[in-house]
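Residues 0 to 300 in the working numbering are what the sequence shown spells out, letter by letter.
Don't be surprised by glycine CBs; every beta carbon is placed ideally from N, CA and C.
Below: one structure, written as structure tokens.
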Amino acid sequence: MINVVLIADSSYAMPTAVTLASLFASNKGVVGRVYLLSTGMDDADVKKMAALCKANDADFSFVLVDESALDMYDGIGEWPKYTFMKVLIPDYLPESEETVVYLDSDMLILGRIDHLHTDKALAAVEDIPFTEKHKARCGIAKEHYYINSGFMVMNLPRWRAAFRQRSIADHAKVMASKGPINDQDCISSYFAGEVELLPYEYNVTGVYWAVHNALLPKYGRVWSAARRNPVVVHFTSERKPWIPEVCHPYKPNFLSYLQASPYRDYRDRMVVKRKLRFVGNYIYDRARAALDMLRFLIYRH
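Structure, rendered in structure tokens:
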């Protein structure tokens, strides 16, 4: 059995429900409890989440987080302070919880995750292709890892023990004094040496279908394998599959799970200007992908 944690408010209720629908479909009978942390969500949305969990024999706990608990992170990150709610998870979950899987609310879970466990503080996927750049920026030693914090196996006793020794909020403030940071900068640097890497297919982000100059031959190989058989598809950046104009290889999967969720009647208004922008971005990404794959084939070793 696994217990999972998500973070959302009503503006993200629909994609959160889709994430859960995909989780239940791919992990039938093994999800014990779903924790949903929020600084506020409409009662109607909470009831829909609870009903979805009950229909799949999972317990549901809505955990209301006092927004003032995030004030210490206000203004120190390049993203809103709410992204730092991840570091509050150990404080808001029962002490009896030991291992939980954290999921961002813009994911599809397409494979089994109930076997995941770690003896370190957390297990996550390396945030390629810019991991070396991020490590240098955050002062993380080369032998340690910079991770994408959207999917984490959290060993809560180790997080709590670490927090008793050193405040992660104080760590974030020190980092922020050197420049803008985000939650995964903070988590990766705070737990340097306490991270276990998961295979890349456990967090296949949007960049796996785009192209970057930082793409090295070793990444080209693992990206190809992860794209073919993802366990977790993570809809990063602004190109979300619930926006009609957005193109993504797993958008049909998202729409299928949307129909299995309490938000099956969801509709988004199409805007011509936005449509043209996203179509342009899609063509640009595909052109770069073709060029990058050609470069990979030429220079691989």
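query: So, does the CB of T98 fall closer than 8 Å to a CB anywhere in chain B?
result: Protein chain content of the structure displayed is limited to a single chain, and chain B is not contained in it.
task: Output the distance between the C-alpha atoms of L257 and K177, rounded to the nearest integer angstrom.
output: 42 Å
field: Collapsed DSSP secondary structure at V232 in the structure displayed
entry: strand
- prompt: Is I167 helix, strand or coil when you go by DSSP?
  reply: helix
- request: Using alpha carbons as the reference points, say which of Y201, F61, I186, L87 lies closest to I108.
  value: Y201
field: heavy atom of the ligand SAH below 7 Å from D184 C-beta
entry: The ligand SAH is not part of this structure, which contains no ligands at all.
- request: Find out if the Cβ-Cβ distance for the pair S95, T18 is shorter than 8 Å.
  value: One thing to note: S95 has its Cβ no nearer than 8 Å to the Cβ of T18.
message: Please return the same chain residues whose Cβ sits closer than 6 Å to the Cβ of N55, not counting the five positions on each side in sequence.
response: F23
query: Which value, in whole angstroms, describes the spacing of the CA atoms of R32 and A286?
result: 43 Å
message: Residues in the same chain with beta-carbon distance under 8 Å from V194, minus the five sequence neighbours each way, listed in chain order, please.
response: K119, A120, L121, A122, A123, H143, Y144, I146, S187
message: Would A50 and S260 be called neighbours here (beta carbons separated by less than 8 Å)?
response: no
- prompt: Skipping 5 residues on each side, what residues in its chain have a beta carbon closer than 8 Å to that of F150?
  reply: V100, Y101, L102, D103, M106, A123, V124, L197, Y201, N202, V231, H233
query: Exposed or buried, what is Q183 when buried is set at 16 or more other beta-carbons lying within 10 Å of its beta-carbon?
result: With 16 or more Cβ atoms within 10 Å of its Cβ, Q183 is classed as buried.
- request: Please report how far the alpha carbon of Y262 lies from the alpha carbon of A7, in whole angstroms.
  value: A direct Cα-to-Cα measurement between Y262 and A7 gives close to 15 Å.
task: Ignoring anything shorter than 4 residues or poking outside the segment 62-129, list the alpha helix (DSSP H) runs there in chain order.
output: Runs of alpha helix (DSSP H) with 4 or more residues, each lying fully within the segment 62-129, are found at 88-91, listed in chain order.
- prompt: Helix, strand or coil: which one does DSSP assign to N154?
  reply: N154: strand per DSSP, three-state reduction.
- request: Could you name the residues of the same chain whose beta carbon sits closer than 8 Å to that of L92, not counting the 5 residues immediately before and after it, in chain order?
  value: Counting only Cβ-Cβ distances below 8 Å, and skipping sequence neighbours, we find V4, Y34, V62, V99, L155.
query: Per DSSP, R32 is paired with what?
result: N2, D58
message: If you reduce the DSSP assignment to three classes, tell me which class S10 lands in.
response: helix
- prompt: On the three-pair Cβ rule with 8 Å, is the segment 67-76 touching the segment 168-176?
  reply: yes
message: DSSP three-state label for E142, please.
response: coil
- prompt: Looking only at its own chain, which residues have a Cβ that is under 7 Å from the Cβ of G39, when we skip the five neighbours before and after it?
  reply: D8
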